[in-house]
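Visitor: Numbering (our numbering), first residue to last: -7 to 243.
To start, I am sharing the structure in question, which I have written as structure tokens.
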């Protein structure tokens, strides 16, 4: 699988790690969706084959995905909104294998991973300290709405490729948690699927067949959701599939 890094495209696939069910008892209304997303990414990270209908495999977007061309195109470069700073404490929600593929060493920023995929968690827990034990601060396997960290612990909280799998009322719970753990001068960076993007409908179809339903939420709803939690969207930037939001709590 291919991932976008600041200095180019790198080939990365987790090997030697077995998939397993999410070992977290989540009794929220979103538990089945959380489980489905975890299993979908477990299969991709571990290189397991997906059995899809022929009509889906004939779609151009599937050919881009299976060849590794799609992920670099659609991954939101969060560092273009806020670049991690030296020794800042950064929480990456839905991080996947971010620490292994993005230039955290160049940023010299402390990485805390938060992920629901057991395969990604195991891979980072094993290999993160080998890459840089000073910057890698550990992994926590939990959904995005369960951020059990100390208050005001982070300078930067990132959540890219997450909100698209859930309705906005789920994001209400995420924002409540982020507000508690973010430092007063900290930033929250997240992206949301642009349903008007030319690629959006075919990507949503592909993701559904890969095992995870996508929500085509109107982009105009997100600033209102953010405002409802006392924060504001300072700026946003559009990419091929997602809009990246830069969020701040004042006071």
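Note that CB positions come from ideal geometry on N, CA and C, so glycine has one too.
None of the values given here were measured: they were computed from a predicted structure.
Whose CA, out of 124, 129 and 89, lies closest to the CA of residue 36?
Guide: 89
Visitor: Apart from the five residues on each side of it in sequence, which residues of its chain come closer than 6 Å, Cβ to Cβ, to residue 141?
Guide: 173
Visitor: State the Cα-Cα distance for the pair residue 132 and residue 208, rounded to the nearest angstrom.
Guide: 28 Å
Visitor: Could you check what DSSP says for residue 58 in three-state terms: helix, strand or coil?
Guide: helix
Visitor: Thinking just about the alpha-carbon of each residue, which of 163, 211 and 206 is nearest to the one in residue 220?
Guide: Closest option to residue 220, Cα to Cα, is 163.
Visitor: Taking only three categories from DSSP, how would you classify residue 65?
Guide: In the structure shown, residue 65 falls within a helical segment according to DSSP collapsed to helix, strand and coil.
Visitor: What's the call for residue 126, buried or exposed, on a 16-neighbour Cβ count within 10 Å?
Guide: Under this definition residue 126 is an exposed residue.
Visitor: So, for residue 149: in the same chain, excluding its five sequence neighbours on each side, which residues have a beta-carbon less than 6 Å away from its beta-carbon?
Guide: 83, 170, 174 and 180
Visitor: Going along the chain, which residues of its own chain have a beta-carbon closer than 8 Å to the beta-carbon of residue 54, five neighbours each way excluded?
Guide: 44, 48 and 198
Visitor: Over the uninterrupted beta strand (DSSP E) stretch that includes residue 176, give me the two end residues.
Guide: 174 to 185
Visitor: If you run the structure through DSSP and keep just helix, strand and coil, what is residue 192?
Guide: helix
Visitor: Would residue 134 and residue 104 be called neighbours here (beta carbons separated by less than 9 Å)?
Guide: no
Visitor: Out of 120, 152 and 110, which one is the CA nearest neighbour of residue 96?
Guide: Among 120, 152 and 110, the Cα nearest to that of residue 96 belongs to 120.
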